[in-house]
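In full-length UniProt numbering, the protein residues as written are 1 to 288.
Structure first, commentary second.
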């Protein structure tokens, strides 16, 4: 079984839990997800099965869209409401100021990753340092916030402020960290109180299957279908043999990226044009 399936992850499950469930349903250990969702988060989790696992890095690199709940006036060790509360304060900022800050955050910047994350420092995951109370310098990663807007009213409750945002971000963006940074720009503290990934690349929430539906072994998307965003070419004979051997090809198709399939429409590999060599060279070999 080779292909890709988009799951609507429920709250309380880790991304690894979903991978294990998919593996059991399709009777394979060759399963991988394309972007971690925290246990408290819901929404689109794209899972690759069989030879489609070779697409994990490609699909992980796509832009992602989220709807998130913001709580201002609270700080936790995990940057969300699942963590231990470190401090609280009353917040005083109006809707106009909030919208100004959200607009200013649409940019590329260096984002400090959460200490409760799987990012590795000196071969050790950050959450392992955090759980053993070891201090470590948190790395920063370049992220891009393509779009960011408030999609709810602003609610004032007992000195705290709540509202909901929608954002479109680059690979590697932590929404928990984004909310922390929004709060800092507002001169206060803040955490994420809810999160739903609504889109990842071409995969949308409305097209995802639930865990209940997954148990019925729904048809998964073929590798060729997932790669239909690229030009595709069916080959046979000598050209197919060259691709199977990972050989370079002339750029007679005049494409920057092309997916080659055999006559049964199984994906052989993805080739890209090399400017220096002026040839099509193997990018990802699938050999389905």
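The beta carbon of each residue, even a glycine, is placed where N, CA and C say it ideally should be.
- For the pair residue 213 and residue 219, the Cα-to-Cα distance works out to about 11 Å.
- When DSSP states are grouped into helix, strand and coil, residue 237 belongs to the helix group.
- Per the DSSP secondary-structure output, residue 80 pairs in a beta bridge with 192.
- Within the same chain, Cβ atoms closer than 7 Å to the Cβ of residue 149 are found at 102, 165, 166, the five residues on either side in sequence being excluded.
- In the structure shown, the three-state DSSP call for residue 272 is strand.
- Per the Cβ contact rule, the segment 59-70 is in contact with the segment 31-45 (3 or more Cβ pairs under 8 Å).
- Check the Cα spacing between residue 274 and each of 8, 251, 263: the tightest is with 251.
- Between residue 63 and residue 174, the gap from beta carbon to beta carbon reaches 8 Å or more.
- The segment 151-199 is shown to contain whole alpha helix (DSSP H) runs of 4 or more residues at 175-185, in chain order.
- Rounded to the nearest angstrom, the gap between the Cα atoms of residue 249 and residue 272 is 10 Å.
- Between the C-alpha atoms of residue 82 and residue 221 there is a straight-line separation of about 34 Å.
- Segment contact: the segment 176-194 against the segment 203-217, fewer than three CB-CB distances shorter than 8 Å; contact not assigned.
- Looking at the DSSP output, residue 43 sits in a beta bridge with 9, 197.
- Residue 87 sits in a strand when the DSSP states are folded into three classes.
- Residue environment analysis places residue 134 among the exposed positions, since fewer than 16 neighbouring C-beta atoms fall within 10 angstroms of its C-beta.
- Collapsing the DSSP output to three states places residue 265 in coil.
- Scanning 16, 76, 143, 40 for the CA closest to the CA of residue 48 turns up 16.
- A direct Cα-to-Cα measurement between residue 105 and residue 132 gives close to 33 Å.
- When DSSP states are grouped into helix, strand and coil, residue 19 belongs to the helix group.
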